[in-house]
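Note that the protein sequences, when read in sequence, are chains E and X.
Under this note's numbering, the first residue of the first sequence carries the number 74, and numbering increases by one thereafter.
Under this note's numbering, the first residue of the second sequence carries the number 108, and numbering increases by one thereafter.
Glycine included, each C-beta is placed from N, C-alpha and C at the ideal position.
Everything below concerns the one structure shown next.
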Amino acid sequence: MTGCESKHHVVVNGWLQRAANGDTTEALIGAFEDAFAALWDRSHLTLGETTLTAIVERVLHVATKQFPQLGSLKVSASGLNCHELRAHTDLRLDQIAEGIPFVLVEFLTVLGKLTAEILTPALHAELSNQPIPKGSREEENP
Amino acid sequence: MKKPDLHTPTSERIPAEGGRNRRLTPVPRNYGRLEQLYEIQTVLARSTSIEQDNGEFLSIMTRGLRLRTVVLLDTTAELDRTFTWAALGIGSAEIEHARDEARKALGYLARASAAPAAVVRRSELLPGGAVEQKIGDRAFVTLPLVVAHSGAFGVLQIEGAAALDERDLLFISAVANQLAIALDRQHTKLQLEAARAEAEEASRSLRDLQAISKAALEGSTLDESLTAVLRALSATFGTDVAAVLLMKEDGKTLWRRASIGLEDTGDTEVLVGSGAAGRIAATRSVMFFDDLDEIEGVNPALLKGGIRSLLGAPMFARNSLVGVVHVASRVARGFTHDELQLLQLVADRIGTIIDNATLYEQALSAIASRDAVMGFVSHDLRNPLNAILLSTRLLPADDPRFAKPVAIIKRSAERMLRMIDDLLNVGSIEAGRLSIETHPEESRSLIAEAVEAMQPAVSEKSVRLKTRLPAQDIVVACDRGRIMQVLTNLLTNAIKFTPECGSITITVARSGTEHARFSVEDTGCGIPEEDLPHVFDRYWQAKKTSRLGTGLGLAITKGIAEAHGGTVSVESRVGLGTTFSFTLPLARAAAAPSAHVDAQFSEHQASLHRAGHRTGHRVLVVDDEPNALAALAFLLKEEGFVVETATDGCHALPKVLEFRPDVLIVDVEMPGLKGPDLVRKVREDRPELPVILMTGHSDHVIATAQMELRASHIRKPIEIAELVSAIDRALEKER
Chain E
74 MTGCESKHHV VVNGWLQRAA NGDTTEALIG AFEDAFAALW DRSHLTLGET
124 TLTAIVERVL HVATKQFPQL GSLKVSASGL NCHELRAHTD LRLDQIAEGI
174 PFVLVEFLTV LGKLTAEILT PALHAELSNQ PIPKGSREEE NP
Chain X
108 MKKPDLHTPT SERIPAEGGR NRRLTPVPRN YGRLEQLYEI QTVLARSTSI
158 EQDNGEFLSI MTRGLRLRTV VLLDTTAELD RTFTWAALGI GSAEIEHARD
208 EARKALGYLA RASAAPAAVV RRSELLPGGA VEQKIGDRAF VTLPLVVAHS
258 GAFGVLQIEG AAALDERDLL FISAVANQLA IALDRQHTKL QLEAARAEAE
308 EASRSLRDLQ AISKAALEGS TLDESLTAVL RALSATFGTD VAAVLLMKED
358 GKTLWRRASI GLEDTGDTEV LVGSGAAGRI AATRSVMFFD DLDEIEGVNP
408 ALLKGGIRSL LGAPMFARNS LVGVVHVASR VARGFTHDEL QLLQLVADRI
458 GTIIDNATLY EQALSAIASR DAVMGFVSHD LRNPLNAILL STRLLPADDP
508 RFAKPVAIIK RSAERMLRMI DDLLNVGSIE AGRLSIETHP EESRSLIAEA
558 VEAMQPAVSE KSVRLKTRLP AQDIVVACDR GRIMQVLTNL LTNAIKFTPE
608 CGSITITVAR SGTEHARFSV EDTGCGIPEE DLPHVFDRYW QAKKTSRLGT
658 GLGLAITKGI AEAHGGTVSV ESRVGLGTTF SFTLPLARAA AAPSAHVDAQ
708 FSEHQASLHR AGHRTGHRVL VVDDEPNALA ALAFLLKEEG FVVETATDGC
758 HALPKVLEFR PDVLIVDVEM PGLKGPDLVR KVREDRPELP VILMTGHSDH
808 VIATAQMELR ASHIRKPIEI AELVSAIDRA LEKER
């Protein structure tokens, strides 16, 4: 694992700890959707949607091979679409909790590698600054 | 024009899909590069070839960015090219490393379907510690070249001489997008040009194929067609030689059926598996030989002809190998893939032509065999029929005990005779040799004769037979005998299908300015609409008939009408009746009718006159059918002739010398010395002896014999009155 890649893991795990504080699959998917939207929007400013779409497509392709349950994630011009994933009511929390960080780390790693890590600090910041999802235990019990 | 204010931050919150809000961070932008971007855009917009313009493109890039290396990978189905730029002092190992990085990135980014071989494992894209160490502080920005709705077809990789920031990344991203659009446009253009070239080539091949196919149709025989095809083939391919070799029945040898450009050296065969054509036949695939000298077993004719290069294709028909077609050249040359494909198409067509010709020859042979069999069968059937019909004349006609059985025998024999005639007629019609001798004939007279002939059947069935004739008679050009056959066929059918007390109407009227239309209308059961297209087909019979007949009557009617230049038609309504019509050409105004009835009357008068001179005239009758011979002899004696008989040609010869006949009557088909051979021998001593041939053969056989032997003829079964008339005419001529 490269130095950058371990940093991606640290940032993503930090996010996950906060996001997974909620105890439902739905809540975790919602948190992931917000987080990825933040990463997308930040990258989009520099790379544009066509380039970004091509990269995210490949990230999802790789992720789906390892986590087939993520096959329903779709990328479009406006970012990642989690509607179909959310519709899978049979998905367990642990399955999602394993696949979602992989997508985020893979995205940060590939994007970092392709852009000489220029965007990495900004993307890490986006992820770290993600607000705590509504309905999480932390929010219920401040 | 006011320039866009790129300083203004993008809206901080924009609605996202699903109603979620996204938080945006303004990105610092660099206006200094805007000008460069415009320049690059201008260069790329007018660029028709990135090979030519990449220098200008890179020089603009390097103005704004301090670069170490630039790698551009462009790969599509048609292209796979790499452009690399490196700053001075960069070593080749570093350049190669930069290229590797670009290839790995493309391998990750390209869709599996677009570049399956290029896809690399993640570990290769994101190398482990060792590789990371090797890379050191080199920083590559590698962005996909991609346009909307397609996978990455290339990458633009920039390595900065100093650390790159987000402004640089924004600039590189914009350049990559411009580059992707320009390259995609060039790809599309190249694809269009390739498609256009392919279409033009296909069009040229199609024209060539059409020319060759047209040549195939020009020949009237298979040899002519093949020669024409080979000539066209040789011209299309620009070769000296073209040849078609066919597979022998043993499946092991090919023989040259047609060729151009090859001398006939007698070497026309080649074993399958040997030489060029033999190898093509063995592999059943298109093959090209660039130097025949190096091939074993090549046909000596090709080597003698100085042939070097050969392109050949197997010919198939109905999934079987029928041979090989090849073109060959005296100079060493190559052939394009398109030429190869064209030859295979031509080979397929020649295979079909040969197959069709073979089938046609087999069909002709089968028809000839059938005609021969029909000829013999009809002859053999006519002989006993002749005996039956002649013998009925010997029975006492005035004895009421025999009247009915004799009538039955006669009617049955005559029906059998009509069936034999039908079969012979159909054979003649199909072979296009139905003999028609047209004369001007009055339509009233034709109809009157037909009505008279059908009167007994009409009376028996109790139907009314009416005629509807024009005030002014219409004269048509026709063969009276044949048209009587048509009219009696139609009337027989009408009587058969009209119920008792029904009616049949014969009509004749002008049809246009050149034809007359004869119609036979009945009030019978009618013909279902679905059957109407088939009524003139051979062997078609109405379902309600009891199959009394051959089913050939209407086919013969059609054949006879068409042989006259006329047409046939049918109209029918089930339950109401049917109308059959045929047309005949009008006779020319100057021609006079044959006055058939008058002629018959004159002939009768002459016959009576001649009868007075028959006494003592000697007739020798030769026939291998003893019953018919005996009956004929008896009837001729009754007519006043002195009759001698012989049962074959050998017995007849001495009798010609001893008996000294005034007339010789000979059956054509006899065992041993046949009728015509007997006549030839008799002619050696008595060249002027009148001869009458009796035959059951069809018209064209009679015509041939008659012309060669200077004999008249009479068809079996023999009508005694007709034979007596023939004898009288022969005696008259001799006098």
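Comparing alpha-carbon positions, the option among E/Ala104, E/Glu78, E/Lys80 lying closest to E/Gln90 turns out to be E/Ala104. In this structure, DSSP gives E/Gly103 a helical state, which the three-state scheme calls helix.
Annotated as proximal: X/Ile414 and X/Leu399, with beta-carbon spacing under 9 Å. Taking the beta carbon of X/Ala212 as reference, the chain E residues within 7 Å of it are Leu187, listed in sequence order. The Cβ atoms of X/Leu290 and X/Ile157 lie closer than 9 Å to each other. Residues of the segment 124–141 of chain E with a C-beta less than 9 Å from any C-beta of chain X: Thr124, Thr126, Ala127, Ile128, Glu130, Arg131, His134, Val135, listed in chain order.
Looking at the backbone, the Cα of X/Val749 and that of X/Arg817 are separated by about 24 Å. Contact between X/Ala662 and X/Phe689 is absent: CB atoms are separated by about 13 Å, not below the 8 Å threshold. The alpha-carbon of X/Leu299 is positioned some 20 Å away from that of X/Leu286.
For E/Glu190, at least one C-beta of chain X is nearer than 9 Å to its own C-beta. Between X/Ala670 and X/Gly631, the C-beta gap is not smaller than 9 Å, which leaves the two residues out of contact. In this structure the segment 448–464 of chain X does not lie against the segment 681–695 of chain X, because fewer than three pairs of beta carbons, one per stretch, are closer than 8 Å. Separation of X/Gly419 and X/Leu329 (C-alpha to C-alpha, rounded to the nearest whole angstrom) is 20 Å. DSSP, reduced to helix, strand and coil, places X/Thr346 outside both helices and strands of the structure shown, so it counts as coil. Taking CB atoms only, X/Gly267 has a neighbour in chain E less than 9 Å away. With the criterion set as a beta carbon lying under 7 Å from some beta carbon of chain X, the members of the segment 112–124 of chain E are Asp114, Arg115, Leu118, Thr119, Leu120, Gly121, Thr123, Thr124, in sequence order. CA-to-CA, the gap between E/Leu153 and X/Ala283 works out to about 23 Å. Going by DSSP, E/Trp88 is part of no beta strand (DSSP E) but of the alpha helix (DSSP H) stretching over 76–92. Secondary structure remark: continuous alpha helix (DSSP H) runs of at least 4 residues inside the segment 566–649 of chain X, in chain order: 587–604.
Boundaries for X/Gly171: no beta strand (DSSP E) harbours it, while the alpha helix (DSSP H) harbouring it runs 157–171, taken from the DSSP string. Think of a sphere of 7 Å around the beta carbon of X/Val253: the chain E residues whose beta carbon falls inside it are Thr123, Thr124, Ala127, in chain order. Classified as exposed, X/Gln317 has fewer than 16 neighbouring CB atoms from the shown chains inside 10 Å of its CB.
Taking 9 Å as the cut-off, the Cβ atoms of X/Thr176 and X/Ala205 count as close. Note on geometry: alpha-carbon atoms of X/Ile581 and X/Phe643 lie some 26 Å from one another. C-alpha of E/Ile102 to C-alpha of E/Asp114: approximately 18 Å in a straight line. By alpha-carbon distance to X/Leu743, the top candidate from X/Thr664, X/Leu830, X/Gly779, X/Val484 is X/Leu830. At a cut-off of 9 Å, the C-beta of E/Val176 has no neighbouring C-beta in chain X. Closer than 9 Å to the CB of X/Tyr215 there is at least one CB belonging to chain E. Here DSSP, grouped into helix, strand and coil, assigns E/Thr162 to coil. Residue contact with chain E for X/Glu273: present (Cβ-Cβ distance below 9 Å to some residue of chain E). Listed in chain order, the alpha helix (DSSP H) elements of length 4 or more contained wholly in the segment 312–366 of chain X are 329–344.
The secondary-structure analysis by DSSP pairs X/Gly261 across a beta bridge with X/Asp181, X/Leu252. X/Pro797 and X/Val763 do not touch by the CB rule: their CB atoms are close to 12 Å apart, not below 8 Å.
Look at the segment 160–182 of chain X: it has no residue with a C-beta under 8 Å from a C-beta of chain E.
A residue is called buried when at least 16 other Cβ atoms come within 10 angstroms of its Cβ; E/Thr98 meets this threshold and is buried.
When rounded, the separation of the alpha-carbon atoms in X/Ala616 and X/Thr595 is 19 Å.
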